[in-house]
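With this note's numbering applied, the sequence shown closes on residue 423, and no number is skipped along the way.
Glycine included, each C-beta is placed from N, C-alpha and C at the ideal position.
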Amino acid sequence: MPNERSYEAALRRSNQIQADLPEHPEKYVMLTGDRPTGRLHFGHYFGTLVERVRLQELGVKTNIIIADYQVITDRDTTEHIADNVHNMVLDYLACGIDPEKTMIFNHSAVPALNQLMLPFLSLVSESELQRNPTVKAEQEASGHALTGLLLTYPVHQACDILFCKGNIVPVGRDQLPHIEQTRLIARRFNKRFGKVFPDVDGLLTSTPLLPGLDGRKMSKSYGNAIAISMTEGETAKLIRKSKTDGDRNITFDPENRPGVSALLTTAATVTGRAPVDIATEIGMGGAGQLKRYVTESVNEYFAPIRERRRELEKDGDYIHDVLAEGNRRANEVANATLDEVREAMGMVY
Ligand code: TRP
75 MPNERSYEAA LRRSNQIQAD LPEHPEKYVM LTGDRPTGRL HFGHYFGTLV
125 ERVRLQELGV KTNIIIADYQ VITDRDTTEH IADNVHNMVL DYLACGIDPE
175 KTMIFNHSAV PALNQLMLPF LSLVSESELQ RNPTVKAEQE ASGHALTGLL
225 LTYPVHQACD ILFCKGNIVP VGRDQLPHIE QTRLIARRFN KRFGKVFPDV
275 DGLLTSTPLL PGLDGRKMSK SYGNAIAISM TEGETAKLIR KSKTDGDRNI
325 TFDPENRPGV SALLTTAATV TGRAPVDIAT EIGMGGAGQL KRYVTESVNE
375 YFAPIRERRR ELEKDGDYIH DVLAEGNRRA NEVANATLDE VREAMGMVY
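Shown next, in the form of structure tokens:
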């Protein structure tokens with residue numbers, strides 16, 4: 075965790091930017107992304123996709139990286155990667171990302187982005203890399219040896235953000251150390267070689283982290299996440315299987331009743347109601363009635379999104395073209411930035 079003072083400072087800047095965004099969207103370039111390790115789920119949707127679409131519609135320049143090289147930071151296979159990337163584009167478009175407005179692209183398709191890694195690595199010390207709390211947590215969770223790529227991936231993220239001169243990155247609190255790292259790299263580069271890169275800020279999301287259906291952290295590997303791409307039947311089955319408890323009376327008590335409370339939070343998120351009100355309404359109706367309510371409200375909320383996804387799924391060529399066009403544009407942007415970097419460093423021969 076970053077220290078409280080730096081968190082407060084980041085929050086203050088984030089709030090100022092949020093207030094300025096609707097008035098001056100043209101000042102901002104957003105960059106964010108996802109690792110293509112599986113389907114996007116409910117947590118991604120409410121945690122970040124809604125915010126990306128909002129920024130896109132405000133007229134901010136929006137960029138989304140499908141971070142394929144990041145997949146191998148802590149695993150030794152790229153199995154299913156092309157399928158995951160294809161499905162990720164489908165998820166984005168179904169949720170309202172408009173490829174006319176938002177550039178969608180991959181690490182591996184943009185050589186000049188990756189080349190920024192060399193000068194950037196010269197701007198950080200080994201101990202700075204070792205200290206990053208998120209890297210440590212991810213390494214422990216993976217049970218994998220700390221690879222050089224995992225150790226340096228915050229620098230790689232700085233390349234993702236800075237190649238397109240991104241200045242806002244929607245993040246959760248745990249990602250703030252990465253933003254700090256990017257700010258440092260940009261500032262050090264500018265100081266040593268000349269001003270090329272902007273100041274970067276995290277845009278902290280106000281939505282609290284959504285729990286998985288069982289109350290634990292939402293994760294595909296726990297089987298507690300509703301994927302956007304699931305059918306209504308698959309959604310119903312996942313909710314039916316989720317763990318509740320023996321108390322028939324439904325109450326909202328996240329501490330002592332994680333399963334029941336996570337179901338209430340899920341229904342509250344899609345209906346806009348308060349979890350406590352839903353609990354009171356169901357009362358002695360028990361977990362069965364609660365699960366039926368959650369299933370219906372989730373399926374109703376996602377119906378138009380899933381319908382759009384099914385339509386888009388029929389046209390694989392279109393999805394392929396969206397990514398090809400995003401990659402083409404990203405290369406243009408990256409080549410222009412790399413030229414500026416070469417110039418600043420005197421490497422023009
Ligand atoms: N690390 C992010 C994730 O795991 C994906 C990502 C890659 C990213 N590069 C980024 C996010 C740059 C923000 C900025 O989902």
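Taking the C-alpha atoms as reference points, what is the distance between residue 330 and residue 353?
-> Looking up residue 330 in the sequence shown gives position 256. Looking up residue 353 in the sequence shown gives position 279. Their backbone Cα atoms lie some 15 Å apart in a straight line.
Taking all protein chains shown into account, decide if residue 180 is buried (16 or more other Cβ within 10 angstroms of its Cβ) or exposed.
-> Position 106 of the sequence shown holds residue 180. So residue 180 counts as buried.
Could you pull out every unbroken alpha helix (DSSP H) segment of at least 4 residues lying fully inside the stretch 193-239, listed in chain order?
-> 200-205, 207-216, 222-237
Rank 365, 166, 311, 375 by C-alpha distance to the C-alpha of residue 336 and give the top, closest one.
-> Indexing the sequence shown from 1 puts residue 336 at position 262. Of the listed residues, the one whose Cα sits closest to residue 336 is 365.
Counterpart residues of residue 103 in DSSP-defined beta bridges = As a working mapping, residue 103 is identified with position 29 in the sequence shown. Secondary-structure assignment with DSSP links residue 103 through a beta bridge to 135.
Chain-order list of residues whose beta-carbon lies under 7 Å from that of residue 339 (same chain, five-residue window excluded) | Position 265 of the sequence shown, counting from 1, holds the residue named residue 339. Cβ neighbours of residue 339 beyond the five flanking positions: 284, 285, 349.
Mind checking whether residue 224 and residue 231 have CB atoms under 7 Å apart?
-> To locate residue 224, count along the sequence shown from 1; it is residue 150. To locate residue 231, count along the sequence shown from 1; it is residue 157. Contact: no.
Flag residue 141 as yes when its Cβ comes closer than 6 Å to any non-hydrogen atom of ligand 1, and as no otherwise.
-> Along the sequence shown, one-based indexing puts residue 141 at 67. Residue 141: yes, Cβ under 6 Å from ligand 1.
Which residues in the same chain have their Cβ closer than 8 Å to the Cβ of residue 256, if we skip the five residues on either side of it in sequence?
-> The sequence position of residue 256 within the sequence shown is 182, counting from 1. Excluding residues within five positions, the ones whose Cβ falls inside 8 Å are 228, 231, 232, 235, 236, 243, 274.
Could you please give the first and the last residue of the uninterrupted beta strand (DSSP E) stretch that includes residue 242?
-> For the purposes of this step, residue 242 is identified with residue 168 of the sequence shown, where counting begins at 1. Where residue 242 is concerned, the enclosing beta strand (DSSP E) stretches over 242-245.
Kindly examine ligand 3 and report whether one of its heavy atoms sits closer than 6 Å to the Cβ of residue 109.
-> The model depicted lacks ligand 3 and carries ligand 1 instead.
Less than 6 Å between the CB of residue 106 and some heavy atom of ligand 1, yes or no?
-> By one-based count along the sequence shown, residue 106 stands at place 32. Judged by the Cβ position, residue 106 qualifies as a neighbour of ligand 1 at the 6 Å threshold, a heavy atom of the ligand being closer than this.
Just grab the DSSP bridge partners of residue 89 for me.
-> Taking the first residue of the sequence shown as 1, we reach residue 89 at position 15. In DSSP, residue 89 forms no bridge with anything.
So is the beta-carbon of residue 273 under 6 Å away from any non-hydrogen atom of ligand 1?
-> Within the sequence shown, numbered from 1, the residue matching residue 273 stands at position 199. It does not: the Cβ of residue 273 is nowhere closer than 6 Å to a heavy atom of ligand 1.
Identity of the residue in 355, 347, 136 nearest residue 403 by Cα = Within the sequence shown, residue 403 is the residue found at index 329, counting from 1. Among 355, 347, 136, the Cα nearest to that of residue 403 belongs to 136.
Is DSSP giving residue 146 helix, strand or coil here?
-> The sequence position of residue 146 within the sequence shown is 72, counting from 1. Correct three-state label for residue 146: helix.
Whole-number beta carbon distance between residue 138 and residue 126, since they are thought to touch under 8 Å = Mapped onto the sequence shown, residue 126 falls at position 52. Mapped onto the sequence shown, residue 138 falls at position 64. The pair is a contact, with the Cβ atoms about 7 Å apart (cut-off 8 Å).
Taking 8 Å as the threshold, find out whether the stretch 395-415 comes into contact with the stretch 182-198 through three or more Cβ pairs.
-> Because the criterion of three Cβ pairs below 8 Å is met, the stretch 395-415 and the stretch 182-198 touch.
Which residue from 313, 423, 388, 317 puts its Cα closest to that of residue 369?
-> The residue given as residue 369 occupies position 295 in the sequence shown. Taking only the C-alpha atoms, the option nearest residue 369 is 313.
Measure how close the beta-carbons of residue 288 and residue 333 come, nearest whole angstrom, since I'm counting them as under 8 Å.
-> Numbered from its first residue, the sequence shown carries residue 288 at position 214. Numbered from its first residue, the sequence shown carries residue 333 at position 259. Contact holds; Cβ gap of about 5 Å.
Own chain, CB closer than 7 Å to residue 357, minus 5 neighbours either side, in chain order | In the sequence shown, counting from the first residue as 1, residue 357 sits at position 283. The residues are 323, 324.
Any idea what DSSP makes of residue 413, helix, strand or coil?
-> For the purposes of this step, residue 413 is taken as the residue at position 339 of the sequence shown. Three-state result, residue 413: helix.
In angstroms with no decimal places, state the Cα-to-Cα distance between residue 422 and residue 249.
-> One-based indexing of the sequence shown puts residue 422 at position 348. One-based indexing of the sequence shown puts residue 249 at position 175. Rounded to whole angstroms, residue 422 to residue 249 spans 36 Å at the Cα level.
If you draw a straight line from the C-alpha of residue 175 to the C-alpha of residue 362, how long is it?
-> Position 101 of the sequence shown, counted from the first residue, corresponds to residue 175. Position 288 of the sequence shown, counted from the first residue, corresponds to residue 362. Distance between the alpha carbons of residue 175 and residue 362: 43 Å.
How many Å lie between residue 100 and residue 367 at the Cα?
-> For the purposes of this step, residue 100 is identified with residue 26 of the sequence shown, where counting begins at 1. For the purposes of this step, residue 367 is identified with residue 293 of the sequence shown, where counting begins at 1. Rounded to the nearest angstrom, the two C-alpha atoms are 42 Å apart.
According to the neighbour-count rule (16 or more other Cβ atoms, all chains shown, within 10 Å of its Cβ), is residue 134 buried or exposed?
-> In the sequence shown, counting from the first residue as 1, residue 134 sits at position 60. Under this definition residue 134 is a buried residue.
From this set, 315, 102, 164, which residue's C-alpha is nearest residue 386's C-alpha?
-> Taking the sequence shown and counting its residues from 1, the one referred to as residue 386 is at position 312. It is 164 whose Cα lies nearest to the Cα of residue 386.
Put residue 419 into one of helix, strand or coil per three-state DSSP.
-> The residue given as residue 419 occupies position 345 in the sequence shown. In the structure shown, residue 419 sits in coil (DSSP, three-state: anything other than H, G, I, E or B).
Residue 252 beta carbon less than 7 Å from that of residue 148 = In the sequence shown, counting from the first residue as 1, residue 148 sits at position 74. In the sequence shown, counting from the first residue as 1, residue 252 sits at position 178. Taking 7 Å as the Cβ cut-off, residue 148 and residue 252 do not qualify as a contacting pair.
DSSP-derived helix/strand/coil call for residue 349 = Here residue 349 refers to the residue found at position 275 of the sequence shown. It is helical.
Which stretch, first to last residue, makes up the alpha helix (DSSP H) that contains residue 376?
-> One-based indexing of the sequence shown puts residue 376 at position 302. From DSSP, the alpha helix (DSSP H) with residue 376 extends over 360-387.
How about the stretch 104-121 and the stretch 291-304: do they share at least three Cβ pairs that are nearer than 8 Å?
-> yes
Rounded C-beta distance between residue 300 and residue 372? I'm assuming under 8 Å.
-> By 1-based counting over the sequence shown, the position of residue 300 is 226. By 1-based counting over the sequence shown, the position of residue 372 is 298. Going by Cβ atoms, the distance from residue 300 to residue 372 rounds to 6 Å, so yes, they are a contact pair.
Relative to ligand 1, is the shortest distance from any of its heavy atoms to the C-beta of residue 368 smaller than 6 Å?
-> Working through the sequence shown from its first residue, we reach residue 368 at position 294. Flag unset: Cβ of residue 368 not near ligand 1.
Give the DSSP-derived three-state secondary structure of residue 140 in the structure shown.
-> Start at 1 with the first residue of the sequence shown, and residue 140 comes out as number 66. Residue 140: strand per DSSP, three-state reduction.
What is the residue span of the alpha helix (DSSP H) that residue 309 lies within?
-> As a first step, residue 309 is located in the sequence shown; it is residue number 235 there, counting from the start. 306-315 is the extent of the alpha helix (DSSP H) around residue 309.
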